[in-house]
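Student:
2 protein chains.
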Amino acid sequence: MSLGKEFVAWVFTLGTEVVSGRVVNTNAAYLGRRLTLLGFEVLGAVSLVDDVRLISSFISHVLASEPELLVTTGGLGPTHDDVTLEALARALRVELRLNEEALKSIKEKYEVLKLPLTPERVKMAYMPEGCEVIPNEVGTAPGCIMKHGKTLIVSLPGVPRELESMWESYVEPRLKELGVRRVIAERSFRVSGVPESSAAKIVKEILRKYENVYVKTHPKGHEITAPVLEVYVQVFSKDLSEAEKIADEVSEELKKSLESIGGVIT
Amino acid sequence: MSLGKEFVAWVFTLGTEVVSGRVVNTNAAYLGRRLTLLGFEVLGAVSLVDDVRLISSFISHVLASEPELLVTTGGLGPTHDDVTLEALARALRVELRLNEEALKSIKEKYEVLKLPLTPERVKMAYMPEGCEVIPNEVGTAPGCIMKHGKTLIVSLPGVPRELESMWESYVEPRLKELGVRRVIAERSFRVSGVPESSAAKIVKEILRKYENVYVKTHPKGHEITAPVLEVYVQVFSKDLSEAEKIADEVSEELKKSLESIGGVIT
Chain S
1 MSLGKEFVAW VFTLGTEVVS GRVVNTNAAY LGRRLTLLGF EVLGAVSLVD DVRLISSFIS
61 HVLASEPELL VTTGGLGPTH DDVTLEALAR ALRVELRLNE EALKSIKEKY EVLKLPLTPE
121 RVKMAYMPEG CEVIPNEVGT APGCIMKHGK TLIVSLPGVP RELESMWESY VEPRLKELGV
181 RRVIAERSFR VSGVPESSAA KIVKEILRKY ENVYVKTHPK GHEITAPVLE VYVQVFSKDL
241 SEAEKIADEV SEELKKSLES IGGVIT
Chain V
1001 MSLGKEFVAW VFTLGTEVVS GRVVNTNAAY LGRRLTLLGF EVLGAVSLVD DVRLISSFIS
1061 HVLASEPELL VTTGGLGPTH DDVTLEALAR ALRVELRLNE EALKSIKEKY EVLKLPLTPE
1121 RVKMAYMPEG CEVIPNEVGT APGCIMKHGK TLIVSLPGVP RELESMWESY VEPRLKELGV
1181 RRVIAERSFR VSGVPESSAA KIVKEILRKY ENVYVKTHPK GHEITAPVLE VYVQVFSKDL
1241 SEAEKIADEV SEELKKSLES IGGVIT
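Spelled out as structure tokens, the structure:
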């Protein structure tokens, strides 16, 4: 996938409640999907418990590979276990500083109800040096965005409606400015009567023939007694109409080959 | 959490479809929850694209910390991008070898429909040296379990119904033999009228007072205009009745403190 290598992204969804399975990680799915549609190649989604050293060690590990983008969610709030920005500062070896713009926005929000600026509230304004504030129109904790070497780092809250609002109104427009050079076209269909182990050879041949094409089969029935596969085709290109054309071509070729070994397309 | 440090677990949910957000990662939630209830401290859940080098590098990174348990899901099937066991072998610096028991079970399954042992089918029987087979009664690809240093490594398929069946019938009984020494008790309730930034101080005081207690607040309303929090309490102990007692105590204390600053428990 030579077209995409320049635009690699990583997602960190932070929070003990995610890792321990008390919530299903819809944030990772949301970001993975949005980033893929924007042309990024998302290499990994990492969830970690709220531990400064652990988070900082994994962020460092990923930053060493110099991805274009690293997005974190969660851990920006007022509680003792909201430690994302502290961990990020540690990974970047920069100071955690009181950000005046963040403090101003937090102060204004609590002032509406005449609530004082307690240490817990002020805490949300401490950000790694060099961070720009991402406004949070839905909730309270502001996000932050900064460049570190080749990597753009974006930190957003973990509450889905805050994350999604900030992503769509602020982050995506910024990412579009980066000029990601690839677009994707997708196709998917179901085939019954073909075990995945039989489809494997057909898929391999297609991938040998086409560049910048990704095909994956997902077993939905039973491999031997009632095989059903979902076949997913993804095509990367610099040009959307070209991507769409190749996606159709690959899809048709796959369908024909699967039918030739007894598959029924549904 | 001194009680739990001996039983640390990591989860790897592997597959490009997970990372790119085409599926929501319910496997990570399932395993995180089951492991937590078994007394493990799950530190992280890592999803990676189907890339041998990337997966192997992250497994190595995690194994370096010598966790008690590392579970992988996905990437055991017959297709070109099912690379988990190859990556695992690389991380462990052992050979990937044809496992006769795995081969036998695969052969028997396909023989039912008189399907031949193609290279794609045989591929599922290649396992890191030292692996024991975990039978797959629901699907085809067998799992594998092995000890590496202090770490028990378990690899299971990514299809949820196969994973869950193998987990419950085979893996959990094995894990129980490890003798995890802690149990957990949980409580949760909702409180309205208290912003998370106000609850933060109360939670911090509770955590200072009690050992082996974890409390987390999850904002469900709006921090300032309509605050609603879900308060979650988890207590670890060697003894279940002690854990339950402390969980009740902590819960009641939290409720009282939250009510004293205007909270309404719901």
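Quick note, the sequences are listed as chains S and V, same order. Throughout the first sequence, residue numbering follows this note's numbering, covering 1 to 266 in sequence. Throughout the second sequence, residue numbering follows this note's numbering, covering 1001 to 1266 in sequence. Don't be surprised by glycine CBs; every beta carbon is placed ideally from N, CA and C.
(1) Below 8 Å on the Cβ atoms is my contact criterion, and I expect V46 (chain S) with V1049 (chain V) to pass it. Report the Cβ-Cβ distance as a whole number of Å.
(2) Taking T73 (chain S) as part of the alpha helix (DSSP H), name the residues at either end of that continuous run.
(3) Compute the distance between the beta-carbons of W1010 (chain V) and L1070 (chain V), then report whether it is under 8 Å.
(4) So for Y214 (chain S), helix, strand or coil by DSSP?
(5) Look up F1058 (chain V) in the DSSP assignment and say whether it is helix, strand or coil.
(6) Report the start-end ranges of each beta strand (DSSP E) in the segment 1131–1163 of chain V that is 3 residues or longer and not cut off at the edges.
(7) Using the beta-carbon count (16 or more within 10 Å), is L1038 (chain V) buried or exposed?
(8) Is the segment 1232–1244 of chain V touching the segment 1212–1224 of chain V in the sense that three or more CB pairs, one from each, lie closer than 8 Å?
(9) When you compare the segment 75–85 of chain S with the segment 1196–1204 of chain V, are there three or more beta-carbon pairs, one atom per stretch, that lie closer than 8 Å?
(10) By a C-beta neighbour count over all protein chains shown, 10 Å radius and 16 as the cutoff for buried, is A1286 (chain V) buried or exposed?
(11) Anyone know if the C-beta pair for I224 (chain S) and L258 (chain S) falls short of 8 Å?
(12) According to DSSP, what are the bridge partners of T13 (chain S)?
(13) Given this structure, state the Cα-to-Cα distance separating Y126 (chain S) from A91 (chain S), to the nearest angstrom.
(14) Use the C-beta contact count for E1162 (chain V): other C-beta atoms within 10 angstroms, 16 or more gives buried, fewer gives exposed.
(15) Within a Cβ cutoff of 6 Å, which residues of the same chain sit near K1150 (chain V), ignoring the five residues on either side of it in sequence?
(16) Please return the same chain residues whose Cβ sits closer than 7 Å to the Cβ of N1027 (chain V), not counting the five positions on each side in sequence.
(17) Under 8 Å, with one C-beta from each stretch per pair, do the segment 1049–1062 of chain V and the segment 1084–1099 of chain V reach the 3-pair mark?
(18) Report the neighbours of R1078 (chain V) on chain S: residues whose CB is nearer than 7 Å to its CB, in chain order.
(19) With respect to the alpha helix (DSSP H) encompassing P1173 (chain V), which residues constitute its N-terminal and C-terminal limits?
(20) Kindly list, in the order they appear in chain S, the residues whose Cβ is closer than 9 Å to that of K1209 (chain V).
(21) T16 (chain S) to V1024 (chain V), Cα distance in whole Å?
(22) List, from N- to C-terminal side, the alpha helix (DSSP H) runs of 4 residues or more that fit wholly inside the segment 181–260 of chain S.
(23) Put M124 (chain S) into one of helix, strand or coil per three-state DSSP.
(24) Taking only beta-carbon atoms, is V1049 (chain V) less than 8 Å away from chain S?
(25) Just list the residues that DSSP pairs E1101 (chain V) with in beta bridges.
(26) So, is P1142 (chain V) buried or exposed, given that buried needs 16 or more other C-beta atoms within 10 angstroms?
(27) Pick out whichever of V:P1227, V:D1239, V:L1103 has its Cα sitting closest to the Cα of T1118 (chain V).
(28) Have a look at the DSSP bridge pairing and note the partners of E1041 (chain V).
(29) With a threshold of 8 Å between beta-carbons, can K1147 (chain V) be considered close to chain S, or not?
(30) Measuring CB to CB, does V1083 (chain V) end up less than 8 Å from E1129 (chain V)?
(31) Based on DSSP bridge pairs, tell me the residues matched to L1096 (chain V).
(32) Go through its chain and collect everything with a Cβ distance to V8 (chain S)'s Cβ below 6 Å, but skip five positions before and after it.
(33) On a CA-only basis, which of V:V1183, V:E1111, V:I1265 is nearest S1241 (chain V)? Give me that one, please.
(34) Are S165 (chain S) and V138 (chain S) close, meaning C-beta to C-beta below 8 Å?
(35) I'd like to check one pair, R1190 (chain V) with T1266 (chain V): are the Cβ atoms closer than 8 Å?
(36) Please classify K238 (chain S) as buried or exposed, where buried requires at least 16 neighbouring CB atoms within 10 angstroms.
Tutor: Straight from the coordinates:
(1) As a working note, residue 46 (chain S) is residue 46 in the first sequence. As a working note, residue 1049 (chain V) is residue 49 in the second sequence. The beta-carbon separation of V46 (chain S) and V1049 (chain V), rounded to 12 Å, does not stay under the 8 Å limit for a contact.
(2) Translated into positions along the first sequence, residue 73 (chain S) becomes position 73. DSSP places T73 (chain S) outside any alpha helix (DSSP H); the residue lies instead in the beta strand (DSSP E), whose first and last residues are 69–73.
(3) For the purposes of this step, residue 1010 (chain V) is taken as residue 10 along the second sequence, with counting starting at 1. For the purposes of this step, residue 1070 (chain V) is taken as residue 70 along the second sequence, with counting starting at 1. Yes, the pair counts as a contact, with Cβ atoms nearer than the cut-off.
(4) Residue mapping note: residue 214 (chain S) aligns to position 214 of the first sequence, counting from 1. Strand.
(5) In the second sequence, residue 1058 (chain V) corresponds to position 58, counting from 1. Residue state, collapsed to three classes: helix.
(6) The qualifying runs are 1132–1134, 1143–1148, 1151–1156.
(7) As a first step, residue 1038 (chain V) is located in the second sequence; it is residue number 38 there, counting from the start. Buried, because 16 or more other Cβ atoms sit within 10 Å of the Cβ of L1038 (chain V).
(8) In short, these stretches touch, since the Cβ pair count reaches three.
(9) With a cut-off of 8 Å, the segment 1196–1204 of chain V and the segment 75–85 of chain S count as touching, because enough Cβ pairs lie within range.
(10) Outside the shown range of chain V, which is 1001 to 1266, sits residue 1286 (chain V), and nothing can be said about it.
(11) Against the first sequence, residue 224 (chain S) aligns to sequence position 224. Against the first sequence, residue 258 (chain S) aligns to sequence position 258. Not a contact, by the Cβ cut-off of 8 Å.
(12) Residue mapping note: residue 13 (chain S) aligns to position 13 of the first sequence, counting from 1. S:S47, S:T73, per the DSSP bridge assignment.
(13) Counted from its first residue, the first sequence places residue 126 (chain S) at position 126. Counted from its first residue, the first sequence places residue 91 (chain S) at position 91. Y126 (chain S) and A91 (chain S) have their alpha carbons spaced roughly 15 Å apart.
(14) Position 162 of the second sequence holds residue 1162 (chain V). Buried: at least 16 other Cβ atoms inside 10 Å.
(15) Here residue 1150 (chain V) refers to the residue found at position 150 of the second sequence. Correct list, in chain order: E1066.
(16) Numbered from 1 along the second sequence, position 27 holds the residue referred to as residue 1027 (chain V). If we look at N1027 (chain V) and ignore the five residues flanking it on each side, its Cβ neighbours are T1013, T1073, G1158, P1160, L1163.
(17) As far as the Cβ criterion goes, the segment 1049–1062 of chain V touches the segment 1084–1099 of chain V, which means the pair count is three or higher.
(18) Here residue 1078 (chain V) corresponds to residue number 78 of the second sequence, with the count starting at 1. Arg is not the amino acid found at residue 1078 (chain V); the sequence shown has Pro there. Those are E196, S197, A200, listed as they occur along chain S.
(19) The residue given as residue 1173 (chain V) occupies position 173 in the second sequence. Run containing P1173 (chain V): 1172–1177, per the alpha helix (DSSP H) assignment.
(20) Numbered from its first residue, the second sequence carries residue 1209 (chain V) at position 209. The contacting residues do not exist; K1209 (chain V) stays about 13 Å from chain S at best.
(21) Taking the first sequence and counting its residues from 1, the one referred to as residue 16 (chain S) is at position 16. Taking the second sequence and counting its residues from 1, the one referred to as residue 1024 (chain V) is at position 24. The alpha-carbon atoms of T16 (chain S) and V1024 (chain V) are separated by roughly 18 Å.
(22) Listed in chain order, the complete alpha helix (DSSP H) runs (minimum 4 residues) inside the segment 181–260 of chain S are 196–209, 240–260.
(23) Here the question's residue 124 (chain S) lines up with position 124 in the first sequence. Coil at M124 (chain S), not helix or strand.
(24) Taking the second sequence and counting its residues from 1, one reaches residue 1049 (chain V) at position 49. With 8 Å as the cut-off, V1049 (chain V) counts as an interface residue toward chain S.
(25) Along the second sequence, one-based indexing puts residue 1101 (chain V) at 101. DSSP lists no partner for E1101 (chain V).
(26) As a position in the second sequence, residue 1142 (chain V) is number 142, starting the count at 1. When all chains shown are included, P1142 (chain V) counts as buried.
(27) Here residue 1118 (chain V) corresponds to residue number 118 of the second sequence, with the count starting at 1. The candidate whose alpha carbon is nearest that of T1118 (chain V) is V:L1103.
(28) Position 41 of the second sequence, counted from the first residue, corresponds to residue 1041 (chain V). Looking at the DSSP output, E1041 (chain V) bridges to V:V1008.
(29) For this step, residue 1147 (chain V) is matched to residue 147 along the second sequence. Chain S, which has no Cβ nearer than 8 Å to the Cβ of K1147 (chain V), makes this no.
(30) To locate residue 1083 (chain V), count along the second sequence from 1; it is residue 83. To locate residue 1129 (chain V), count along the second sequence from 1; it is residue 129. 8 Å or more divides the Cβ of V1083 (chain V) from the Cβ of E1129 (chain V).
(31) Taking the second sequence and counting its residues from 1, one reaches residue 1096 (chain V) at position 96. Looking at the DSSP assignment, L1096 (chain V) forms a beta bridge with V:P1128.
(32) On the first sequence, position 8 is the one that residue 8 (chain S) refers to. Cβ within range, chain order: E41, L43, P67, E68.
(33) As a first step, residue 1241 (chain V) must be located in the second sequence, where it is residue number 241. Measuring from the Cα of S1241 (chain V), the nearest candidate turns out to be V:V1183.
(34) As a working note, residue 165 (chain S) is residue 165 in the first sequence. As a working note, residue 138 (chain S) is residue 138 in the first sequence. Yes, these two residues count as a Cβ contact at 8 Å.
(35) As a first step, residue 1266 (chain V) is located in the second sequence; it is residue number 266 there, counting from the start. As a first step, residue 1190 (chain V) is located in the second sequence; it is residue number 190 there, counting from the start. Cβ atoms of T1266 (chain V) and R1190 (chain V): closer than 8 Å.
(36) Sequence index remark: in the first sequence, residue 238 (chain S) carries index 238 (1-based). Per the 10 Å Cβ criterion, exposed.
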